[in-house]
Structures are given as structure tokens and as C-alpha cells.
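Trainee: Let me begin by handing over the structure; questions about it come next.
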Amino acid sequence: MPRKKANRGRTPAGAPNPIDVHVGSRMRLRRTLLGLSQEKLGEMIGLTFQQVQKYERGANRISCSRLFDLSRALEVPIAYFFDDMADSVSAMSPVQMVREPPVSEPAPAEIDPRLRRETLELVRNYYSITDPDVRRRIYDLAKALSNRTDDA
Numbered sequence: 139m140p141r142k143k144a145n146r147g148r149t150p151a152g153a154p155n156p157i158d159v160h161v162g163s164r165m166r167l168r169r170t171l172l173g174l175s176q177e178k179l180g181e182m183i184g185l186t187f188q189q190v191q192k193y194e195r196g197a198n199r200i201s202c203s204r205l206f207d208l209s210r211a212l213e214v215p216i217a218y219f220f221d222d223m224a225d226s227v228s229a230m231s232p233v234q235m236v237r238e239p240p241v242s243e244p245a246p247a248e249i250d251p252r253l254r255r256e257t258l259e260l261v262r263n264y265y266s267i268t269d270p271d272v273r274r275r276i277y278d279l280a281k282a283l284s285n286r287t288d289d290a
């Protein structure tokens, strides 16, 4: 009996698998922190910038060998791409979706403030400050402002 062809890499609703979206967002985060364009990263590993875009959105899945190339180009261990993965996302692995239905769809990656362009630019600019004393003062200021209450 022929096996039914699965919609590999997609949720039952047809959306990209959240794990692929997470890996792509980590790829984008690191590329942006290094100040690389999609075109430059593509040149480094033999891809078009359009393919890099598709990987970053999770629209196309990244093969193991390509993930290896990306880890080298972005100077991170392969595990980096899976760091900070929410339990709701890891529960969306294809084997988990077959075994039991997911409780709920995870929130879109765009909601995560760590993935916003503003956050990436802030981090890049912060690390471009060469004076460690100035960098520490900015860190302390940001921490103090984030701890303020709006009771006043």
C-alpha cells in the first residue's frame, strides 16, 4: 500500500513549521548582529539572497549540510539555532504532531521583541561602543529604566 505523502515541514494548517521559523529567526538574528546583508551571507555559502530570505522566514527548510555551512559562516555552534526555543514550538516537531495534537499554535515569531529590527539595531549599536565604561553606564541606565514603575 503506498504511503500517503505528508505535507513535510508544514503544520496541518499549511503554515511553515514553527521550528523552521525559529531556526530561521535565529539565523536572521545572528546575521543582523554581524552586520551582514542577506546578499553577503548568500555569497558566503553559495545561495541567492532570495533563498536566504526564505530560510529566515521558515518558508524553506534548511538541510543539515546547509545548517553546518551557516554555523560556520555565522561563527556559531549548530545548537545556537535551537537555543531559546519555547516548549510550544518544540512541541510542533513533525513526530510530536503525529503522536498527539498540539495544544495550541505557538505565537508568531514576529511577536518576540528579541527579533524586532529595533532590538537588533540596539544590540549592534551597544556593542559598537568601544569604551567599556560608557557601555556599562548605558547598560545600567537601560536596566534602571526597565525597572521603573508607572505608579507615578
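Numbering (this note's numbering), first residue to last: 139 to 290. Note that beta-carbon positions come from the ideal geometry of N, C-alpha and C, so glycine has one too.
Apart from the five residues on each side of it in sequence, which residues of its chain come closer than 7 Å, Cβ to Cβ, to K142?
Mentor: Start at 1 with the first residue of the sequence shown, and residue 142 comes out as number 4. Reliability of the predicted coordinates at K142 is poor, the pLDDT of 47 falling under 50, and the value obtained from them is presented with this limitation in mind. So the list is empty, once near-sequence residues are dropped.
Trainee: Straight-line CA distance for R128 to Y193?
Mentor: This structure cannot settle anything about residue 128, because the visible part of the chain is limited to 139 through 290.
Trainee: In this structure, does DSSP put P270 in helix, strand or coil?
Mentor: Here residue 270 corresponds to residue number 132 of the sequence shown, with the count starting at 1. DSSP places P270 in helix when its eight states are reduced to three.
Trainee: Going along the chain, which residues of its own chain have a beta-carbon closer than 8 Å to the beta-carbon of V261, five neighbours each way excluded?
Mentor: On the sequence shown, position 123 is the one that residue 261 refers to. Excluding positions up to five away in sequence, the list reads L171.
Trainee: What is the DSSP secondary structure of R199, reduced to helix, strand or coil?
Mentor: Within the sequence shown, numbered from 1, the residue matching residue 199 stands at position 61. Three-state result, R199: coil.
Trainee: When you compare the CB positions of A211 and M182, do they come within less than 8 Å of one another, or not?
Mentor: Mapped onto the sequence shown, residue 211 falls at position 73. Mapped onto the sequence shown, residue 182 falls at position 44. Yes.
Trainee: On the three-state DSSP scale, how would you describe P154?
Mentor: Position 16 of the sequence shown, counting from 1, holds the residue named residue 154. Of the three classes helix, strand and coil, the one that applies to P154 here is strand, per DSSP.
Trainee: Which partner residues of R148 appear in the DSSP bridge assignment?
Mentor: Sequence index remark: in the sequence shown, residue 148 carries index 10 (1-based). In the DSSP output, where bridge partners are listed per residue, R148 has P154.
Trainee: Please determine, among R199, L185, G180, K178, the residue with the shortest C-alpha to C-alpha distance to G162.
Mentor: The residue given as residue 162 occupies position 24 in the sequence shown. Among R199, L185, G180, K178, the Cα nearest to that of G162 is on R199.
Trainee: Taking DSSP as the reference, what is the three-state secondary structure of E213?
Mentor: Taking the first residue of the sequence shown as position 1, residue 213 is located at position 75. E213: coil per DSSP, three-state reduction.
Trainee: Any idea what DSSP makes of N263, helix, strand or coil?
Mentor: Sequence index remark: in the sequence shown, residue 263 carries index 125 (1-based). Looking at N263 - three-state DSSP - the assignment turns out to be helix.
Trainee: Is M230 near I157, with beta carbons less than 8 Å apart?
Mentor: For the purposes of this step, residue 230 is taken as residue 92 along the sequence shown, with counting starting at 1. For the purposes of this step, residue 157 is taken as residue 19 along the sequence shown, with counting starting at 1. Yes, Cβ-Cβ distance for M230 and I157 is below 8 Å.
Trainee: May I have the straight-line CA-CA distance separating N155 from E256, to the nearest angstrom?
Mentor: Taking the sequence shown and counting its residues from 1, the one referred to as residue 155 is at position 17. Taking the sequence shown and counting its residues from 1, the one referred to as residue 256 is at position 118. Near 25 Å, if we compare the C-alpha coordinates of E256 and N155.
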